[in-house]
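Everything below concerns the one structure shown next.
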């Protein structure tokens, strides 16, 4: 079983500001690359058969994670091997 959950960062967190920044204009007009790597940071936890795949302390952008998982799902559905990866917060220490 796969369990995926997320929560918003605490108020005042630099990651919470990624949500505030998107509200400065029309979020529908944001470029895909910005949605993938710049906005809507959340704490994510992912467990597969009770094995922690993504730590709940990890911050990622859900658009990047969703697109990565979607790509892996398409490959698996086509009978191919698949892996998923995402940028997450490698360059940030929040």
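In the working numbering, the protein residues as written are 190 to 283. Beta carbons are placed, not taken as given, at the ideal position from N, Cα and C, and that holds for glycine.
- For residue 236, there is no enclosing alpha helix (DSSP H); the residue is part of the beta strand (DSSP E) that begins and ends at 231-237.
- Look at residue 196 here: in three-state DSSP terms it is strand.
- Judged by DSSP in its simplified three-state form, residue 206 adopts helix.
- Proximity to residue 220 across 259, 252, 198, 263 peaks at 252, based on C-alpha coordinates.
- Secondary structure note for residue 244: it is in no alpha helix (DSSP H), and the uninterrupted beta strand (DSSP E) holding it is 240-249.
- Within the same chain, 233, 234, 235 come within 7 Å of residue 243 by CB-CB distance, once the 5 residues on both sides are set aside.
- For residue 226, the enclosing alpha helix (DSSP H) begins and ends at 221-226.
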